[in-house]
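Protein chains in written order, with UniProt numbering: chain D, 1 to 222; chain H, 1 to 786.
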């Protein structure tokens, strides 16, 4: 078992009444799964991913990651945990504008204190694998959306995470680019990486091994 | 990792050239300014550093009590004091007298004017003279020995060694033998001299120098290491009253550490001095640095939204807060270091100008660690001070908020920003107000009615050579030429204090009144020459013999006497009966800010030290000077033609006020420039941030003026607030400063109005530049970008 969510509730209070962002979410993810989360805008897809990614808190419920209780963990240990095991891919890529492709991919390794020579080798491998060696010295603004997302995925993978969280990874891409990225996810999954993606698109959802439907914070169908 | 930080810092600087320029340039101005001030401070606090065991060396001035107040006098100890101090106080190991005098030196054909001193042998050890040629032991062996400085030696001889044993003529009369050459004093030395010769040369043949009756010499002493200065000072104080029976004159110890910085005496005790300016300027340097740092803080936090994405992403990628703080600090320090380099260039360019301004000879000497380190430290200080707040602020962003795009400018940061802008502008306005008031005060004093006419009045030394002997013919030749209106002699400089006495009695003087009267000996044309007004009675006749028992007195002296009609009354000066022949209106001398003591004038040429010449009206001054020079060439042969104008001498009196005026002007301008740079950056940022809003407003029909108003209003409110804060502070501070002057201006309200108005105007121009730019932009463009 990679992670387990039990009765997760997350809400904000507005005008004295609670508005639920997540309502009684239960989810178990095994290593090697490829899960798609679907639902309309505002249904809590991103919130759920952020909770899983430990970027966001929740009010009630239990969250176990690799048998450790995330909900009772301190901020510091939590960030250590996601730094170690989780990679993020965002709809808006969120590459750092001032860094080159190479440096963007390298950044997570810097924060893990990986040695310089090892970093070089790992980044070079990654550039090779994604066929972007020729673009390593370009800045994000010099790349197309699809290429930027490719770099985003490469950056998410560089630290060898067990889990990739992708929030609408193809939301800003055209259909051809989109297909390439999904194909890439599929290959990664086959190589053993667990993936959870949030998506609007049925086509993209179909790449996953199972689909989770969210409706107004609650799960209505697996 | 650190390389990565530098890289991203550099790229950020490069990408936002405008902001980087404001940051770097603003900080560079601040660092330059602080460095210049520190150089000046260093020079000031290092005064008299050449004196060995400086803490053991003391000058001995005297405190004299007049009207219940102690007044402190220099070069005013009696002849025997030095020897008595050494003999009777065991802690005093060395003591020496010193009397300053100027001579014309001659060696062969060459001649030069030089100011030096007759002194006792111990002075060599007390001042720690550095011998280049000759030795301290034999330097004063003979009475007619003289020690000269390198400066003098180099005028007459090729090598210092050549000077030893050579003859040197004093005023073409007496011949001295050079026994030693010593190193020149550093420029920051309180007591300097070009030569030293044994004290007997001054005292021999002068009976009055032997007793306690005349206070005529400086005295210096050196204590044994480990002496209790306070105890020794008590013993020194007791000596003169014990010898003379007069408890109202006592000698005191005045430490070499205080000679330069704490030389103002109030009622017999040290009461500040230049140290106040040193403190003030150091404080101002710090303030300027801080307002420069504020720019950096404000622009960094204002632009935080641009960096927020990066912060969020880095956190999601595993960065801790500490690492982000460190990253942003690195950026600030890098910026500061670039500013440091820029300011080094500025320093190199500006130091010569600065030297002119403050009349010093400072050098950057950047390789010396004592100069290099402070600049590095200042730079680091700036980097850290200005980087700390942005670093903590930026690194506090929650990744989730940032990445979701839900983060808006938080209120606390914009409040801090506004506060900092108000601080900047308050300081700037305080500087502007102070500058105006300092300027007014200096002008006020310069335009003070002196009771004489200083303009065009020529002053030249008359003590040496034949001027006094040939005065009648000099006067005759000059006045008959038509180029000169009148000529006169006086025994002291017209602007300075000189001889004085408390030994004058008059009818109706209360016996216990102890009043100091200045004594001036003049020739008859003096009052006419100096433009002084005879109020009652008559002036002097042309005959000294006829006038031998007549005196003129100043108005304030006349007021001391009980009667209305003082002319014809007699006064008693140490037993000598003198008739008051006339009353002269008061004139100002000595302390230009205070009121001068009453004066009594004699008719006597013999004791004169200075000659005064009033050029004829309407004659070109160069012609007059040439005529004087040619007359003196024959009447005073062998002496160089030296003169100065009294109004120039007068202006020189205000050096430290002039310094404050000049520096405060610079500070005010710099503070305003730095603050406006910051405001410019902030307004650019606001305009950029509100681009969309402006676009929408324009589409909805707002005029350009309306938009400019909208954007400028917020900043103007801040400037107005700054005016409210700065007015009372500057009023209080300047009122305190002005208290230090007896003759001073009243603070007028319009000064505040002008300062406030100009601050508003400058801020308005700065802000509206950006506002107009934003307002006239095509709304279609700004709306399309989303």
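Glycine included, every Cβ here is placed at the ideal spot set by N, Cα and C.
Annotated three-state conformation of residue 185 of chain D is helix, per DSSP.
One Cα belongs to residue 630 of chain H, the other to residue 611 of chain H, and the distance between them is close to 16 Å. Sequence-distant Cβ neighbours of residue 660 of chain H in its own chain, meaning closer than 6 Å and more than five residues away, are 438. Sequence-distant Cβ neighbours of residue 585 of chain H in its own chain, meaning closer than 7 Å and more than five residues away, are 451, 532, 533, 535, 555.
For residue 459 of chain H, the enclosing beta strand (DSSP E) starts and ends at 458–461. Under the three-state reduction of DSSP, residue 685 of chain H is assigned to helix. Residue pairing by DSSP puts residue 14 of chain D in a beta bridge opposite D:17. Counting C-beta atoms within 10 angstroms of its own C-beta, residue 699 of chain H has fewer than 16 neighbours from the protein chains shown and is therefore classed as exposed. Close CB contacts of residue 214 of chain H within its chain, under the 8 Å cut and outside five residues either way in sequence, are with 78, 79, 208 (chain order). Beta bridge pairing from DSSP links residue 99 of chain H with H:118. In the DSSP secondary-structure assignment, residue 731 of chain H is not bridged to any residue. From the beta-carbon of residue 110 of chain D, the residues of chain H found nearer than 8 Å are 1, 4. Around the CB of residue 539 of chain H, 16 or more other CB atoms lie within 10 Å, so the residue is classed as buried. Annotation for residue 537 of chain H: no alpha helix (DSSP H) segment contains it, though the beta strand (DSSP E) segment containing it runs 534–537. Residue H:102 holds the alpha-carbon nearest to the alpha-carbon of residue 461 of chain H among H:102, H:33, H:505.
In this structure residue 341 of chain H is exposed. Its beta-carbon is surrounded by fewer than 16 other beta-carbon atoms within 10 angstroms.
Chain-ordered listing is empty here: chain D has no CB closer than 7 Å to the CB of residue 744 of chain H, the nearest sitting near 58 Å. The residue from H:479, H:557, H:494, H:633 with its alpha-carbon nearest to that of residue 516 of chain H is H:557.
Chain order gives no chain D residues near residue 688 of chain H, where near means a beta carbon separation below 9 Å; the closest approach is about 16 Å. Following the DSSP letters along the chain, one finds residue 519 of chain H inside the beta strand (DSSP E) bounded by residues 517–522.
Per DSSP, the continuous alpha helix (DSSP H) segment holding residue 82 of chain H begins and ends at 81–88. Residue-level contact by beta carbon holds for residue 12 of chain H and chain D, with a gap shorter than 7 Å. Taken through DSSP and simplified to helix, strand or coil, residue 313 of chain H comes out as helix. Sequence-distant Cβ neighbours of residue 282 of chain H in its own chain, meaning closer than 7 Å and more than five residues away, are 37, 41. Cα atoms of residue 113 of chain D and residue 68 of chain D: separation of roughly 24 Å, rounded to the nearest angstrom.
Remark: fewer than three beta-carbon pairs, one from each stretch, lie closer than 8 Å, so the region 12–30 of chain H and the region 219–238 of chain H are not flagged as touching.
Around residue 32 of chain D, the same chain offers 192, 194 as residues with beta carbons nearer than 7 Å, after the five sequence neighbours per side are excluded.
Secondary structure remark: continuous beta strand (DSSP E) runs of at least 3 residues inside the region 581–631 of chain H, in chain order: 599–603, 610–615. Any Cβ of chain D closer than 7 Å to the Cβ of residue 324 of chain H would place that residue at the interface, and such an atom is absent. Non-local beta-carbon contacts of residue 130 of chain D in its own chain, meaning distances under 6 Å to residues more than five positions away in sequence, involve 150, 154 in chain order. At a cut-off of 7 Å between beta-carbon atoms, residue 185 of chain D makes no contact with chain H.
Partner residues in the beta bridge of residue 29 of chain D, as assigned by DSSP, are D:3. Contacts between residue 390 of chain H and chain D, judged by CB atoms closer than 8 Å, are missing: the closest CB pair is about 16 Å apart. Residues of chain D whose Cβ lies closer than 7 Å to the Cβ of residue 8 of chain H are, in chain order, 98, 99. Chain-order list of chain H residues neighbouring residue 83 of chain D: 318, by C-beta distance under 7 Å. Residue 759 of chain H and residue 378 of chain H have their C-alpha atoms spaced approximately 28 Å apart.
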